[in-house]
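Data block below; observations after.
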Amino acid sequence: AQSVAQPEDQVNVAEGNPLTVKCTYSVSGNPYLFWYVQYPNRGLQFLLKYITGDNLVKGSYGFEAEFNKSQTSFHLKKPSALVSDSALYFCAVRDETGSYIPTFGRGTSLIVHP
Amino acid sequence: EADIYQTPRYLVIGTGKKITLECSQTMGHDKMYWYQQDPGMELHLIHYSYGVNSTEKGDLSSESTVSRIRTEHFPLTLESARPSHTSQYLCASTSGGRGNTIYFGEGSWLTVV
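This is the structure we're talking about:
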């Protein structure tokens, strides 16, 4: 079985400050992990993914995420937040040996204040 | 940008009407999905397909139906729309292994009055 948790419904950060959106997961085998962003009235846009290799993954719009196997986490980070980063962020997981259906987190609303 | 298209983007229809939401992708993906999402809320899988003539129901019970006659096309149909069907419907697709990225369309906003 696979599951993913986003423990924060909302994250508030001031523009220019670093941001972190948290994600933890549970899988039977090795995980494939994804981050997506959703702007109002839009579909989900792919940001980055971890498959294997380097634990630090770089993605679109200056975002990066760190895979931590011991803590079963895949937190999304950005060194300097922009107001335009305000959106809904979803973490997703697939088990390497499981279903082709990904499990999505409940989403975290990121609000960047000017 | 992903080549996955949904029409209509916005639709308001009356109760009892039949509606089909279209989803097409030009990437040759074998796997396609339909999700239902209320504003700002989590995604709920309602249907998926692993290829032509293959369709399955998802985790969330839905009164909608789907078909997969062609690889690139995965329409969703509501035979008799009700106000409880008011929501956003997201189509997605992917191919190959479990590490491959899933791409989403822009969504169809359905309002049933």
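Just so you know, the protein sequences line up as chains G and Y, in that order.
Going letter by letter, the first sequence gives residues 1 to 114 in this note's numbering.
Going letter by letter, the second sequence gives residues 1 to 113 in this note's numbering.
From the three backbone atoms N, C-alpha and C, an ideal C-beta is built for every residue, glycine too.
Under the three-state DSSP convention, the category Gly62/G falls into: helix
Alpha carbon of Glu79/Y to alpha carbon of His85/Y, nearest angstrom: 11 Å
Own chain partners of His113/G with C-beta closer than 8 Å, once the 5 adjacent residues on each side are dropped: Asn12, Val13, Ala14, Glu15, Val83
Exposure of Pro8/Y, with buried meaning 16 or more beta-carbon neighbours within 10 Å: exposed
Residue-level contact to chain G via CB, Ile13/Y, 8 Å cutoff: no
Span separating the alpha-carbon of Ser99/G from that of Gly14/Y: 37 Å
Residue nearest to Phe74/G in terms of C-alpha spacing, selected from Leu110/G, Asn17/G, Gln2/G, Val21/G: Val21/G
Nonlocal neighbours in the same chain, by C-beta distance under 6 Å from Leu88/G, ignoring five residues either side: Gln38, Gly107, Ser109
8 Å Cβ cutoff met for Tyr50/G and Leu33/G: yes
Beta strand (DSSP E) runs contained entirely in the segment 8–72 of chain Y, provided each spans 3 or more residues: 10–13, 19–25, 31–37, 44–51, 54–57
C-alpha gap between Arg98/Y and Ser26/G, whole angstroms: 16 Å
Sequence-distant residues of the same chain with beta carbon closer than 6 Å to Ala92/G, five excluded per side: Phe34, Pro102, Phe104
Min CB distance Phe104/Y to chain G below 8 Å: yes
Range covered by the beta strand (DSSP E) that runs through Cys91/Y: 87–94
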